[in-house]
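Written out below as structure tokens is the structure these notes cover.
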Amino acid sequence: MNLFLFFWIFYPLLTMHHISKSAIVAYSCEQMYQLVNQVDDYPQFLNWCSSSSILNQTDDQITASVSINKSAFNKSFTTINTLTPNQRIDMQLKDGPFNHLSGAWIFTPLTDTACKVELELQFNFSSRVVDIAISPIFTSIANSQLDAFVSRAKQIYD
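Residues 1 to 158 (UniProt numbering) are what the sequence shown spells out, left to right.
The following block contains the structure:
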């Protein structure tokens with residue numbers, strides 16, 4: 001197999017993107033967990049989110065759909081989110097333009113009124129062309145996401 005063909009076939013496996021962000025906030029784990037878990041509210045404060053909805057919900061899991069409309073990226077994706085109330089939200093891709101998308105929101109208490117919020121994401125797209133064109137846009141969205149939730153917390157809780 002020549003090198004070009006190797007990269008063409010295995011490109012999605014070689015280009016896993018990782019995002020890791022954290023912030024110390026003056027809000028409780030419960031407050032931040034509730035903000036992140038209120039998927040229906042995303043279009044109100046995430047400027048790239050054109051719509052969002054909860055498709056299915058149980059005590060420990062939600063299936064949520066989010067539509068992104070930013071630059072050339074106008075796609076929807078659905079995740080299955082496993083909930084550990086006030087501690088973490090684990091996300092796994094159900095469907096969308098990704099080959100792989102997974103991640104977690106992690107809420108670590110520091111005091112009764114402060115916590116550390118972490119966002120970990122791993123993703124890649126199913127085609128080399130889409131990855132090259134869209135990954136910078138999605139990376140920008142992912143990198144700004146934690147800041148948007150911190151700003152939303154200030155707006156709601158202060």
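For glycine and all other residues, C-beta sits at the position ideal for the given N, C-alpha and C.
Taking C-beta atoms under 8 Å as the contact rule, S65 and S50 fail to qualify, at a distance of about 11 Å. For the pair of segments examined, the segment 22-30 was found not to touch the segment 129-139: the number of CB pairs separated by less than 8 Å stays below three.
For the pair K75 and G96, the CB atoms are nearer than the 9 Å cut-off. Boundaries of the alpha helix (DSSP H) harbouring T139: 128-157, taken from the DSSP string. With contact defined as three or more Cβ pairs closer than 8 Å, the segment 138-152 and the segment 32-45 are in contact. Linking S22 to L146 through their CA atoms gives a straight-line distance of about 7 Å. Look at Q122 here: in three-state DSSP terms it is strand. As computed with DSSP, F107 is found in a beta bridge with V117. Exclusion of the five residues before and after S67 leaves S50, S51, S76 as the residues of its chain whose Cβ lies within less than 6 Å of its Cβ.
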